[in-house]
Amino acid sequence: MRNDYRKGVSQAVFARYLNVSKDSVSQWERGEKHPAGPALKLLSLVEKKGLNAIT
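So that you can map any letter, position 16 of the sequence shown is 16 in UniProt numbering, and since no number is skipped, the others follow by simple counting.
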């Protein structure tokens, strides 16, 4: 996952928006893990419509 989805928002805040841990966001950005389930759907929405779509 690219970190440009966060648009200047910290990993901790972005994680709260997605209801996941900060460590999960960090692992996604490093390519260690991939988002799944509801987080993946929310990330898809952010990609299409921007971060404001979930805030």
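A virtual CB, placed ideally from N, CA and C, is assigned to each residue, including glycine.
**Request:** Starting from Y17, trace the alpha helix (DSSP H) both ways and give me its first and last residue.
**Result:** Here residue 17 refers to the residue found at position 17 of the sequence shown. Run containing Y17: Q11 to L18, per the alpha helix (DSSP H) assignment.
**Message:** Taking the beta carbon of L18 as the centre, do at least 16 other beta carbons fall within 10 Å, making it buried, or is it exposed?
**Reply:** For the purposes of this step, residue 18 is taken as residue 18 along the sequence shown, with counting starting at 1. Per the 10 Å Cβ criterion, buried.
**Extent of the continuous alpha helix (DSSP H) run through R30** = Position 30 of the sequence shown, counted from the start, is the residue given in the question as residue 30. Following the DSSP letters along the chain, one finds R30 inside the alpha helix (DSSP H) bounded by residues K22 to R30.
**Request:** Could you say if the segment 24-39 and the segment 48-55 meet the contact criterion of at least three C-beta pairs nearer than 8 Å?
**Result:** In short, these stretches do not touch, since the Cβ pair count stays below three.
**Request:** May I ask which residues mark the beginning and end of the alpha helix (DSSP H) holding A39?
**Result:** Locating residue 39 in the sequence shown gives position 39, counting from the first residue. Under the DSSP assignment, A39 falls in the alpha helix (DSSP H) whose first and last residues are G37 to K49.
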